[in-house]
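Below: one structure, written as structure tokens.
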Amino acid sequence: MRERKTPGHGAEMIPGPLDWRRRWPAWAGYAASGWALAHGGAVLAATGRGSRYRGIPAGKWVAGGVLATAAAAAAASVRPWGRRVPSRAVTTGMWGATGVTTAGSAFLLLYLLELAVKGTVTDRDQNTDWPGFADRLSWTAGAALFTGASIAWRRRTRDACVYCGQQHPEGERAGLEYPEPEPPRPWVRNLAYAGCAGLLPYSVMHLLVANGRQPFGLKREDLIEGGAGGAWLEMHGIPWVDIAAGAGAFLLLGLTHRWGERFPAWTLPLAGRRVPRFLPLIPAWVTGPTLAAYGTVGGGFTALAASGLIRGRWEADQLRVAGVAMTAFGTFGTALTAAAWSYQQRTRPHCVMDAAVVERAGSAATGKPARPAATGRFRIFDVGVRTLRTLLRMTATKPGRR
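This is the structure:
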């Protein structure tokens, strides 16, 4: 049973024990370690007698060694024997594995877009590449698992609750409480507006091409060629890129506005209810970092090519099209990544402890009833006050007296 206060005027309380999804800090390390061993074995088996992996000489041995190390680090973060391992070594291994798995999942978004438009996925040579698509899907799953396991490890080493990331007395957990909708910082919202604006030139260019114009020499046949559902839209003057850009802008604005945390009034059956966090966060994290990296690296390469520092057989119109595209990808991807991080921090729930447990914990420590734990900016103020009191006691203590 869920108890809600008046929509928009209070936090949402979900009483009772946590289900397996909300207990992810307890099993993320095991799952990450198991994934690393399984995927490493699959890479070694799939490459057969050859040693190349993704076109890299001896790549399978490098990938196998990295994944074996990552599996050991993930296991050390949750197993008792991991306490004998230096915490810095585990931290380095966990976050290093997170970075490697994230890099391994690169360009999954491009595969998904190609699958939606063409109905298939291809490699650089335009050959069907379902194994490569499955490989990147697996790396994406590994990145999610190692990110969760790394966050849980970070919370353990800071003596914080692994479920909510805050410090509170141990005991019976009465449930989770989600905070009230809170606006993001001004720079996050301004960056979101800039990301939406960055999509406009790219969208207008595709709209003109789909309706018979040829900006920068780009022809309508170039967009229709080799498409499935996307080709049908282009033939009828509706660029599928503009539809995707509109959906992306909607997602970006939702992450930075109140209606992205509470369903607005026009969603009649859902009005006032809390938006499930995974609904905007999953597409944002899958899309944002990939587009940010692709646009930044591609934009730098395009700038170097346009300035003549990199030689190649590129026409001026090709560089202009690439410049418009990379600007759109880079600004939108960066804005989406920042908005997703802000949204995740603002909507993170915190544990609600049983009142009797909190009272007993405070009485046992000080002999007085416990005060409610401070949160947010008040927690920082509370820590500062306690630190000042400790310093005053130390300076007031006479030498030789304890």
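Going by the numbering used here, the sequence shown opens with residue 1, and the numbers climb by one from there. We treat Cβ as the ideally placed atom computed from N, Cα and C, and that holds for glycine.
Classification of F278 by the beta-carbon crowding that lies within 10 angstroms, buried from 16 upward: exposed
What does the Cβ neighbour count give for D135, buried or exposed, with the cut at 16 atoms within 10 Å? buried
I'd like the span of the beta strand (DSSP E) that includes H350, first residue to last. For H350, the enclosing beta strand (DSSP E) stretches over residues 350-353.
Secondary structure at L176, three-state DSSP: helix, strand or coil? strand
Going straight from the alpha carbon of R348 to that of Y178, what length do you get? 7 Å
8 Å contact criterion, which Y30 and V78 should meet: CB distance rounded: 6 Å
Candidates A144, R83, T331, Q167, of which the one nearest L252 by Cα: T331
Local Cβ density within 10 Å of T120, reported as buried at 16 or more and exposed below that: exposed
Is the stretch 86-102 touching the stretch 140-155, taking contact as three or more C-beta pairs under 8 Å? Counting Cβ pairs under 8 Å, three or more are found: they touch.
Where W232 falls: helix, strand or coil (DSSP): Residue placement at W232 is poorly supported in this model, since its pLDDT is 47, which falls under 50; the coordinates are not used for a value here.
May I have the straight-line CA-CA distance separating W266 from W259, to the nearest angstrom? 10 Å
Would you kindly work out how many angstroms separate the C-alpha atoms of G59 and G132, rounded to a whole number? 15 Å
Three-state secondary structure (DSSP) of I56: strand
A106: first and last residue of the uninterrupted alpha helix (DSSP H) it sits in: First-last for A106: undefined, no H or E at that position.
Determine the closest residue to G82 out of A194, T157, I282, E182, with distance taken between C-alpha atoms. Out of A194, T157, I282, E182, T157 has the C-alpha closest to the C-alpha of G82.
Between the beta-carbon of G142 and the beta-carbon of W35, is there less than 7 Å? yes
Helix, strand or coil: how does DSSP classify R262 here? strand
Does A249 get closer than 7 Å to chain C when you measure Cβ to Cβ? In the structure shown, chain C does not exist; there is a single protein chain.
On the DSSP bridge list, what partners appear for T122? T128
Using a Cβ-Cβ cut-off of 6 Å (strictly less than) and excluding sequence neighbours within five positions of A271, which residues of its own chain qualify? F263, A265
Helix, strand or coil for R84 per DSSP? helix
Helix, strand or coil for R274 per DSSP? strand
Can you find the residues in the same chain that come closer than 8 Å, C-beta to C-beta, to P201, ignoring five residues on each side of it along the sequence? Excluding five sequence positions before and after P201, the CB atoms of its chain that fall closer than 8 Å to its own CB belong to V324, T327, A328, given in chain order.
Is it the case that the Cβ atoms of T287 and L176 are separated by a distance below 7 Å? At least 7 Å separates the beta-carbon of T287 from that of L176.
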